[in-house]
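Residue numbers (the numbering used here), protein chains in the order written: chain F, 345 to 669; chain G, 91 to 363. Cβ coordinates follow ideal geometry from the N, Cα and C atoms, glycine included. In this text the structure is predicted, and so the values were computed from the model without any measurement. Following: one structure in structure tokens, then a few remarks.
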Amino acid sequence: MQPNAPVISTTNLVKRYGSVTALDGIDLNVPQGLIYGFLGPNGAGKTTTIRLLMGFIRPTSGSAHIHGHDCWRDGVRARADLGYLVPADALYPNMTGNALLEYMATLSARPPRLRQTLLEALELGQDVLKRQLSTYSKGMKQKLALTAAMQTAPPLLVLDEPTDGLDPLVQRSFEQVLAEVRRQGSTIFMSSHDLAEVERSCDRVAIIRDGRIVAEETINELRKKHRRIAEVTFTGTPPAGIEVAIGAEIIRRDGNLVVLSLEGGVASLVRVLAQRDDVADLLLTLPSLEDVFLGYYNLNRNGRTEIAPDSTAPRPHTTAGVARR
Amino acid sequence: MKPFARMTARVLRSGLPGLIALLVGIAFFEFVQPLVIASFGGASGLDAIMSRIPPALQVFVRARPEFLAMSGLAGYLSLGFTHPLYIVLAGAAVVGFAARTLAGEMDRGIIQIPLARPVSRQSVYLSRALGAVIVCTLLALSGPVGMIAGMLYARPNGALEFQNFGAVALAGFSLFFAFGGITLCGSAAANTAGRVVGWSLGILILSYFIDYFAGVWRLLESITFLSLFNYYDPTRALVDGHVDPNNLIFLIAVGVVTALLGMVIFIRRDLPA
């Protein structure tokens with residue numbers, strides 16, 4: 345492989361199941377040393393792409409390569425330096441956690457030098473690892489599967505929805521582990537349907553929708569473009585014209601609550617609200633992925649950017665996102 | 091341990107309690123045969139009983155008096171290796187193993203564990219095939235071992251060459267191997283273990299009854315060559331220690347060809363979602 349060659353590359357990758365087109369000409373180039381997010385709603389084609397990369401399914405046309413090796417024709421070499429997150433419900437139920445980790449390390453033919461670090465970060469103790477997997481909760485299985493995928497510190501990690509089933513605290517620990525693995529030179533390709541997760545973890549992102557890549561850019565570019573929803577609660581009647589001062593659109597007014605749609609950053613919102621003493625509460629949320637597609641890519645019918653009213657429903661993250669910035 | 095050996099050990103361990111139960115069941119079933127024969131007064135006592143049974147019923151116990159009179163104790167004991175219960179127990183073990191280790195693992199997604207590693211599909215398949223060969227060997231040995239134990243315990247009246255049990259085991263292995271190959275092939279092509287078990291046991295039972303009823307229904311005589319049981323003769327194996335090489339080659343060939351076909355299918359197919 346060339347020194348600067350992409351770790352993962354796909355060329356016009358197509359997968360059809362009968363008359364259904366799951367992937368419709370995917371072109372991806374994942375550079376070395378990045379955490380690369382693969383973002384899309386459920387059913388967009390994320391898992392199909394990953395299954396093609398893993399050689400689980402054969403492309404209808406086009407090709408996928410890992411480290412320069414064709415994923416279907418030369419799968420053993422393509423997977424030689426790769427860690428893959430096996431779905432949590434696809435683990436041997438009658439194995440203990442310890443036995444599974446040992447088994448998967450043996451099949452990888454690499455020493456599990458990161459195992460202990462991962463077990464500590466993901467809070468998996470020996471008391472848990474000695475038990476059979478049939479007694480594990482979904483979250484515990486997910487932690488074990490993550491440890492198994494990453495324990496050998498492979499140069500490439502392919503993770504399909506890695507934080508699915510993890511509680512928020514463990515998610516943060518996992519993100520720190522990912523950052524550390526990346527610092528050590530690994531490339532991480534992770535799929536997600538959670539925009540917030542991708543924003544927190546990834547350097548670069550490809551967005552897939554209906555089997556096609558609709559955007560591919562850095563996280564900073566993504567952040568600049570998509571809208572945020574701000575729910576501002578005032579102690580009294582919301583001031584008139586506040587949306588103009590902030591440079592936002594009003595989605596809804598409900599008593600003391602104003603729901604705003606912000607484009608770009610949140611700096612002007614924070615600046616305006618900081619000057620007031622009647623702000624009772626502030627909640628920032630990210631739009632849903634569909635809203636990103638509709639608003640950010642102007643995919644609505646009349647060509648105008650719109651944020652659907654139901655996108656104001658609170659979503660898990662956000663105030664933390666403000667604090668971080 | 092090398093990945094291939096680890097995978098083989100893994101597939102054998104995954105269904106070990108069930109396999110042990112079936113092996114013990116088969117051994118116990120064959121252990122009982124000499125005890126039953128001894129309770130009738132040995133081979134000579136059974137000769138007298140068999141001579142009074144109508145010919146049509148003799149077919150159902152797969153024994154004709156003239157043959158049994160000539161083959162003696164070995165002939166009566168060999169009925170334990172053609173008995174439907176023995177066939178069902180052994181068939182369940184080999185079909186269950188071959189169905190569970192490929193189609194079952196694909197159905198549950200477990201097959202991704204080895205296939206996500208730098209392990210070829212051939213290796214994954216061959217580890218299952220080796221597991222099936224080991225299961226067939228254990229099945230083929232468990233019956234004779236149980237019967238030898240029963241012989242030593244009951245000591246029924248009549249002559250028997252103990253070394254002929256080796257030929258019985260060989261005949262049994264070839265039959266189980268053929269069904270194992272067929273099931274592996276189906277398992278490689280299917281997405282669920284249940285469907286493979288259904289089809290494979292269906293073939294086994296159909297094959298058994300074509301051979302079984304051919305003795306009383308002339309229409310079936312012309313198609314007995316289609317039954318794998320047509321190539322399985324434990325009676326002759328136990329009576330004179332002989333296994334027809336043609337039968338042996340045919341059954342082994344069926345197992346090898348179908349298993350190889352299964353490997354080709356498994357290498358080329360998409361794994362189920």
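query: Beta-carbon contacts of Val677 of chain F that lie in its chain and below 6 Å, excluding the five residues immediately before and after; result: Nothing can be reported for residue 677 of chain F, as the shown portion of chain F is limited to 345 through 669.
query: Extent of the continuous beta strand (DSSP E) to which Ser535 of chain F belongs; result: Thr531 to Ser536
query: Every unbroken alpha helix (DSSP H) inside the segment 481-522 of chain F [4 residues or more]; result: 482-494
query: Where Asn348 of chain F sits in the DSSP three-state scheme; result: coil
query: Rounded distance between the beta-carbons of Ala574 of chain F and Leu522 of chain F, thought under 8 Å; result: No, Leu522 of chain F and Ala574 of chain F are not in contact; Cβ-Cβ is about 29 Å, not under 8 Å.
query: Contacts around Ala624 of chain F, its chain only, beta-carbon distance under 8 Å, and the 5 residues preceding and following it disregarded; result: Thr577, Phe578, Thr579 and Asn600
query: Opposing strand residues paired with Asn373 of chain F [DSSP bridges]; result: F:Ser353
query: Thr579 of chain F, enclosing beta strand (DSSP E) - first and last residue; result: Unbroken run through Thr579 of chain F: none, as it is neither H nor E.
query: Proximal residues to Phe94 of chain G (C-beta, below 6 Å), its chain only, five neighbours per side dropped; result: Ser213 and Ser217
query: Chain G contact for Ala618 of chain F (CB, 8 Å cutoff); result: no
query: Test: Met448 of chain F CB closer than 8 Å to a CB of chain G; result: yes
query: Classification of Pro456 of chain F by the beta-carbon crowding that lies within 10 angstroms, buried from 16 upward; result: buried
query: Span of the beta strand (DSSP E), counted from its first residue to its last, around Thr404 of chain F; result: Premise fails: Thr404 of chain F is in no beta strand (DSSP E) and is neither H nor E.
query: Neighbourhood of Gln202 of chain G by C-beta distance below 6 Å, restricted to the same chain and skipping five residues each side; result: none
query: Ala497 of chain F at chain G interface by Cβ criterion, 8 Å; result: no
query: Neighbour-count burial assignment, Asp504 of chain F, 16 or more Cβ in a 10 Å radius; result: buried
query: Start and end residues, beta strand (DSSP E) containing Ile672 of chain F; result: Past the boundaries of the shown model lies residue 672 of chain F; chain F is included only from 345 to 669, so the question cannot be answered.
query: Min CB distance Arg457 of chain F to chain G below 8 Å; result: no
query: Short CB-CB distance (under 8 Å) between Ala453 of chain F and chain G; result: yes
query: Spatial neighbours of Ser104 of chain G in its chain, beta-carbon cut-off 6 Å, leaving aside the 5 residues before and after; result: none
query: Chain-ordered chain F contacts of Ala111 of chain G [CB-CB under 9 Å]; result: Simply none; closest approach about 15 Å.
query: Beta carbon proximity, Ala206 of chain G to chain F, threshold 8 Å; result: yes
query: Backbone CA spacing between Lys474 of chain F and Phe267 of chain G [nearest angstrom]; result: 37 Å
query: Secondary structure of Phe382 of chain F, DSSP reduced to three states; result: strand
query: Given 8 Å, three or more beta-carbon pairs between the segment 401-413 of chain F and the segment 448-455 of chain F; result: no
query: For Arg645 of chain F, the three-state DSSP class (helix, strand or coil); result: For Arg645 of chain F, the pLDDT reaches just 40, beneath the cut-off of 50, and the residue's location in the model is therefore unreliable, leaving the point undetermined.
query: The segment 495-515 of chain F in contact with the segment 421-435 of chain F per 3-pair CB rule at 8 Å; result: yes
query: Within 8 Å, strictly: CB atoms of Val278 of chain G and Leu192 of chain G; result: A quick correction: the sequence has Ala, not Val, at residue 278 of chain G. Closer than 8 Å, so yes.
query: For Leu274 of chain G, the nearest candidate out of G:Ile355, G:Leu169, G:Ser134 and G:Ser141 (CA to CA); result: G:Ile355
query: Partners in chain G for Tyr436 of chain F, counting only beta-carbon separations shorter than 8 Å; result: Arg100, Ser104, Ile200 and Ile203
query: Where Arg57 of chain G meets chain F, residues with beta-carbon distance less than 8 Å; result: Summary: the structure shown does not reach residue 57 of chain G, with chain G confined to residues 91 through 363, and so no result is reported for it.
query: Within-8 Å CB hit, Arg597 of chain F to chain C; result: Given the protein chain composition of this structure (F and G), no chain C is represented.
query: Separation of Val610 of chain F from Ser530 of chain F, as counted between CA atoms; result: 32 Å
query: Stretch pair the segment 119-126 of chain G + the segment 169-181 of chain G: three plus CB contacts closer than 8 Å; result: yes
query: Alpha-carbon to alpha-carbon, Asp334 of chain G and Ser297 of chain G; result: 19 Å
query: Exposure label - Phe319 of chain G; buried when at least 16 CB within 10 Å; result: buried
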